[in-house]
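Colleague: Take a look at this one; I'll ask things after.
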Amino acid sequence: MNALRAIAVHCFTDILRSRILYSIVAYAAVVMLVAVLAGEWTLGEEVRLVTDLGLGAMLLFGLLLVLTRGAETISREVERKTVRVMLARPIERWHFVVGSYLGMAMVLLLLVAALLAVLVVALLPMGGSPSWTLAVASWGVFLELLMVAAVALLASNLSSPVLATLLTLLVVFAGHLATGLRAWMDGGADIEHLSPAERELAAAYQAGPLNVGLRLGYYVLPIVAHVNFKTEVANALPVPVMRLILGTAYALVYSGIMVLVATAVFRRRDVS
Amino acid sequence: MVTFEDVKKTYPGGLERRAVRALNGITFTVEPGEVVAYVGPNGAGKTTSINILLGLLRPSSGRVTVGGHLPTEASTRARIGYLPERPYFYEQLSAVEFLRLCGKLSGLEARRIAQRTDELLDRLALSEARHRRLRHFSRGMLQRIGLAQALLHDPDLLVLDEPMSGLDPIGRQLVREMLGEAKTRGKTVLYSSHILADAELVADRAAVLVGGELKALASLGELRAVSGDRLELVLGPTPRVTREEIAQRWPEGRAVGNDWALSVDEGSLQLIITQAISRGARIVQVLRPQAPLEETLIRLMRQSTEKGGNA
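Structural data, given as structure tokens:
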């Protein structure tokens, strides 16, 4: 456990010391400031607008951090050969993979907490107050970032930093579309407007291997809708506790599986 | 202590590259307390075999053990101190932070890490740079901090890949001393180097690797015998004898400026010197034209090339 903690703390401080994190925090603060200014131009909707933009910025800059640092967690260490000094020591390979992920998770938690604090401060002059739902929405953002970081970790294990970033971006994008994809696969999409030929094609799809393939793909994607509480918050609606618990469990299980796969891949990998 | 048993390693090919056989069945043993120089030209397979020894690479066949255990076991690696070929370390860490991280990964207690850090930084003349980030270190300083992390947990086996690389003469002397100390304390050292003269000063035996095959594994004395151990004796003219007269007596030599150089073996050196002095010649110098290891290595490389060419 000492090795795991040492690697997690090392990864955490490594990212904290990188200039990119400061840039991200600075840009996020600027975006939130812009949101505050924009909020002043809207009548009666300032709090809602700033909350919406603030949470969006939190996710965007978190994603930026994951894509710039998370997607190169392993590949960067392997390319720079720094990993050799670590793995030549009496640690297991899973220590390295899981420790790196935990370090990234700690940074994401810190980033979300810092941006939440900035958001709360920005909301105070408009009559907004720190609320449970705002914290829940931020928690949802953190959970989404955790899942993306897990995907990035696996991708960085499989390819170069650039490819890993692209792959992660693709998976995140697909993850945002996953709910719509599921509805379409289940036949919930409106097909009434389709021509007979198109309906025939749709029916063939429903029974064909593409459907099975897409369904498998669906379960591989991080379904971000499970942890997206922003809509409730923006509309001042309460988030059901069960939804919060299930969303959290989903994100943790999904991330755990991704990290497990990344560990299995890294265990078999030659590091030269 | 270290055993390589018919170790082969082939790097798989891809769409744009062919499969490469880096090691072709190497077998040798390093005994406890022994310092073995691991020498060979670029691409000989030294770093590949070291990576297998550290569990970073898996052999395609054969096996490597340290004290009877596989290096893929973490407990085996606890006994190994490793200095990589190029000191790629975490640049954003200071020297102390880097050694602390290495100590924690080796399972050392905080107090022990602090104590060893002080000792090693002091010994390697890095005390003043202890809080400086590694990105501001020179190549030689990085090499020394690399040696410090390899020695930090006082391992039984030191695996050093080009430890003299980037060091100035004082640094090289320091490393030689530390290797000598390790040897005195009964540590086993596997020492890969291109600087063969340095390897000669500390090694008991040399393993010569060429083209992924072990071409020689012998004590330095044995290698000297194999390589003939030729010396260069340079004779100079005096008022009593001209260079031409020296050349007539020893026509197998060659002119070097106003002097005459002879290639002689160590056994007949004394006789030739006596003869030269009695004829009035001046002894300008006696040189070892190439270090024996270097000579052996070059000879084995040539043999390997000729064999490859004939095949």
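First to last, the sequence lines map onto chains A and B.
Reading the first sequence from the start, the letters are residues 8 to 279 in the numbering used here.
Reading the second sequence from the start, the letters are residues 2 to 312 in the numbering used here.
C-beta atoms are modelled at their ideal positions from N, C-alpha and C, and glycine is treated no differently.
Strictly under 8 Å for the Cβ-Cβ distance: is A/Ile98 near chain B by that measure?
Modeller: It does; some Cβ of chain B falls within 8 Å.
Colleague: Is it true that the CB of B/Val40 sits closer than 8 Å to the CB of B/Ser194?
Modeller: For B/Ser194 and B/Val40, yes; Cβs fall inside 8 Å.
Colleague: Let me confirm a value: A/Pro229 is counted as buried when at least 16 other C-beta atoms fall within 10 Å, else exposed. Which label applies?
Modeller: Buried, by the Cβ-count rule.
Colleague: At 4 residues or longer, what runs of the alpha helix (DSSP H) sit wholly inside the stretch 91-157 of chain A?
Modeller: You should have 100-130.
Colleague: Return the CA-CA distance between A/Arg83 and A/Leu67, expressed in angstroms with no decimal places.
Modeller: Cα-Cα distance, rounded: 23 Å.
Colleague: Buried or exposed for A/Val128, going by 16 or more other Cβ atoms inside 10 Å?
Modeller: So A/Val128 counts as exposed.
Colleague: For B/Phe29 versus B/Leu218, is the C-beta spacing smaller than 8 Å?
Modeller: It is a contact, given that the beta carbons lie within the stated cut-off.
Colleague: Going by other Cβ atoms of all chains shown within 10 Å of its Cβ, with 16 needed for buried, is B/Gly310 buried or exposed?
Modeller: Confidence is the limiting factor: at B/Gly310 the pLDDT is only 49, short of 50, which leaves the residue's position unreliable and the question unanswerable from this model.
Colleague: Quick check on the DSSP output: the alpha helix (DSSP H) that includes B/Asp7 runs from which residue to which?
Modeller: Taken as a continuous stretch (DSSP letters only), B/Asp7 belongs to no alpha helix (DSSP H), being part of the beta strand (DSSP E) at 3-12.
Colleague: Between which two residues does the beta strand (DSSP E) carrying B/Leu236 extend?
Modeller: Taken as a continuous stretch (DSSP letters only), the beta strand (DSSP E) holding B/Leu236 covers 231-237.
Colleague: Residues in the same chain with beta-carbon distance under 6 Å from A/His17, minus the five sequence neighbours each way, listed in chain order, please.
Modeller: Excluding positions up to five away in sequence, the list is empty.
Colleague: Looking at A/Ser167 and A/Leu174, is the spacing between their C-beta atoms short of 8 Å?
Modeller: No; because the gap between Cβ atoms is not below 8 Å, this pair is not in contact.
Colleague: By the three-class DSSP mapping on this structure, what secondary structure does B/Val119 have?
Modeller: For clarity, residue 119 of chain B is Asp in the given sequence; the question names Val instead. Note: B/Asp119 maps to helix in three-state DSSP.
Colleague: Is there a Cβ of chain A sitting closer than 8 Å to that of B/Arg131, yes or no?
Modeller: It does not; no Cβ of chain A falls within 8 Å.
Colleague: Leaving out five residues on either side along the sequence, give the residues of the same chain with a beta carbon under 6 Å from the beta carbon of B/Cys103.
Modeller: Excluding residues within five positions, the ones whose Cβ falls inside 6 Å are Gln150, Leu153.
Colleague: Going along the chain, which residues of the stretch 74-89 of chain A sit with their C-beta nearer than 7 Å to a C-beta in chain B?
Modeller: Of all residues in the stretch 74-89 of chain A, Arg87, Lys88, Thr89 have a Cβ within less than 7 Å of some Cβ in chain B.
Colleague: Helix, strand or coil: how does DSSP classify A/Ala171 here?
Modeller: A/Ala171: helix per DSSP, three-state reduction.
Colleague: Closer than 7 Å by beta-carbon distance: list the chain A residues that pair up with B/Ser76, in chain order.
Modeller: What B/Ser76 touches in chain A: Pro97.
Colleague: Taking the straight line between their C-alpha atoms, what separation do you get for A/Tyr108 and A/Ala15?
Modeller: When rounded, the distance between both Cα atoms is 7 Å.
Colleague: Report the rounded CA-to-CA distance for B/Leu232 versus B/Gln271, giving the unit in angstroms.
Modeller: So the two alpha carbons sit approximately 12 Å from each other.
Colleague: Under 9 Å Cβ-Cβ, which residues of chain B neighbour A/Ser279?
Modeller: Under the 9 Å cutoff, chain B gives Tyr12, Thr48, Thr49, Asn52, Leu57, Leu58.
Colleague: I believe A/Ala95 touches B/Arg78 by the beta-carbon criterion, under 8 Å. Please report the beta-carbon distance rounded to the nearest angstrom.
Modeller: 6 Å between Cβ atoms; contact.
Colleague: Apply the 10 Å Cβ neighbour rule to B/Gln286 and answer buried if 16 or more other Cβ atoms are within range, or exposed otherwise.
Modeller: Result: exposed.
Colleague: Please report the Cβ distance between A/Leu11 and A/Val105, rounded to the nearest whole angstrom; I am assuming they are in contact, meaning their Cβ atoms lie under 8 Å.
Modeller: Going by Cβ atoms, the distance from A/Leu11 to A/Val105 rounds to 6 Å, so yes, they are a contact pair.
Colleague: Just verifying my parser: in three-state terms, what is the DSSP assignment at A/Phe180?
Modeller: The answer is helix: DSSP assigns A/Phe180 an H, G or I state.
Colleague: Under 7 Å from any heavy atom of the ligand NAP, does the C-beta of A/Leu223 make it?
Modeller: Among the ligands in the structure shown, none appear at all, so the ligand NAP cannot be discussed.
Colleague: Which residues in the same chain as B/Tyr12 place their Cβ atom closer than 7 Å to its Cβ, once the five residues preceding and following it in sequence are excluded?
Modeller: So the qualifying residues of the chain are Ala20, Val21, Ala23.
Colleague: By the 10 Å Cβ neighbour count, where 16 or more other Cβ atoms means buried, how is A/Glu53 classified, buried or exposed?
Modeller: So A/Glu53 ends up on the buried side.
Colleague: Are at least three pairs of beta-carbons, each pair with one atom in the stretch 131-146 of chain A and one in the stretch 220-229 of chain A, less than 8 Å apart?
Modeller: Because the criterion of three Cβ pairs below 8 Å is not met, the stretch 131-146 of chain A and the stretch 220-229 of chain A do not touch.
Colleague: Got a sec, what are the start and stop residues for the alpha helix (DSSP H) B/Arg173 sits in?
Modeller: B/Arg173 -> alpha helix (DSSP H) spans 170-185.
Colleague: Less than 6 Å between C-beta atoms, sequence neighbours within five positions excluded: which residues of the same chain meet that for B/Thr66?
Modeller: Around B/Thr66: Thr4.
Colleague: Going by DSSP in three states, B/Ala149 sits in which element: helix, strand or coil?
Modeller: Three-state result, B/Ala149: helix.
Colleague: Going straight from the alpha carbon of A/Ala121 to that of A/Ala64, what length do you get?
Modeller: Each residue's alpha carbon lies about 12 Å from the other.
Colleague: Please list, in chain order, the chain A residues whose beta carbon lies closer than 8 Å to that of B/Ile81.
Modeller: What B/Ile81 touches in chain A: Ala95.
Colleague: On the three-state DSSP scale, how would you describe A/Val16?
Modeller: Three-state DSSP puts A/Val16 in a helix.
Colleague: Which residues mark the beginning and the end of the alpha helix (DSSP H) in which B/Val287 is found?
Modeller: Premise fails: B/Val287 lies in the beta strand (DSSP E), 283-288, not in any alpha helix (DSSP H).
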